[in-house]
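Taking it in order: structure first as C-alpha cells, then the write-up.
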Amino acid sequence: MSISSVSSSLYSSLAQMFQSGADQSSAVTDDEMKMPPPPPKDKGGMMQDLQSTLSELGITSSSDSDSDDELQSFMDTLMSTLQAQGAADSSASSGTNPMKTDLQSLLSKLTSDDTSSDSSISKLQSQFSALLDSQGASDSSVSLTQFLQSFGNKIPDGAPAGSLLNLTA
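When the count follows the numbering used here, it moves up by one through the sequence shown with no breaks and lands on 210 for the last residue.
Rendered as C-alpha cells:
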C-alpha cells in the first residue's frame, strides 16, 4: 500500500465523517434554532426592595413611568455612592456583605455633620427628594437616613453567593 492510497483513504474517511455531521446538523428544525425569548421585563430584587421600603415608610408607590424612572435614577445614584464608599473603606472582612458594609459607612457619613463637602452624598440627597416628589410625597417627613436604615435591613449580612470581581487597585 502506497502513501498516496493511505492518504486518499484517510481523506475519504474524513470527508464522510464531516458529511455525516453536516447531514445531522441540517436535520435540526427551525424551531430548535430559535433563540429563547428574553426574560420578562420585571423589576429586579433591589427595585422591589426599594419600593417595599418606601411602602413601609408610608410612601405609596406610584405606578407611572416617571416614578419608575426616578426610582431607577435613585437606585443608580445609590449604587455609585455605595461604590464610592467601598473604594474609600476597604477594611471589610471577607465574610460580610460588601453592600451592607458600604451602606453602614454611608449611614455613618449621613449622621455626621460633614456631608456638605461630599458631592456624591449631596447628589444622593437631591435624588431622594426627586424620588419623593415623583411619589407625591414631597411633604413627607421621611429622611434619606431613615430610608437607608430601613433598606439596609433588607440586605443580607453574609457575603453574597457566587464570585465577585474586585476591580479596585
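No residue lacks a Cβ here, since even glycine has one placed at the ideal position from N, Cα and C.
Query                                                                                                                                             : Result
According to the neighbour-count rule (16 or more other Cβ atoms, all chains shown, within 10 Å of its Cβ), is Asp143 buried or exposed?          : buried
Who pairs with Gly199 in a beta bridge, going by DSSP?                                                                                            : Thr137
I'd like the list of long-range same chain contacts for Asp159, defined as Cβ closer than 7 Å, with 5 residues on each side in sequence excluded. : Lys150
Is Leu98 helix, strand or coil when you go by DSSP?                                                                                               : coil
Measuring CA to CA, which of Ser163, Thr101, Asp198 is closest to Leu185?                                                                         : Ser163
Looking at the structure shown, is Ala171 part of a helix, part of a strand, or coil, going by DSSP?                                              : helix
Expressed to the nearest angstrom, what Euclidean distance is found between the alpha-carbon atoms of Ala125 and Ser179?                          : 27 Å
Just tell me which of Gly86, Gly99, Asp110, Leu98 has its CA closest to the CA of Leu172.                                                         : Asp110
Does Pro80 come out as helix, strand or coil in the three-state DSSP assignment?                                                                  : Any answer about Pro80 is weak, because its pLDDT of 44 lies below 50 and its placement is not dependable; what the coordinates show is given next. In the structure shown, Pro80 sits in coil (DSSP, three-state: anything other than H, G, I, E or B).
Give the C-beta separation of Gln166 and Ser114 to the nearest angstrom, bearing in mind that I take them to be a contact with Cβ-Cβ under 8 Å.   : Gln166 to Ser114, Cβ: 13 Å. No contact.
Indicate whether Phe192 and Asp117 have their beta-carbon atoms separated by less than 8 Å.                                                       : no
Considering only C-alpha positions, which residue in the set Met140, Gly177, Leu95 is nearest to Leu123?                                          : Met140
What are the start and end residues of the alpha helix (DSSP H) that includes Gln190?                                                             : 185–193
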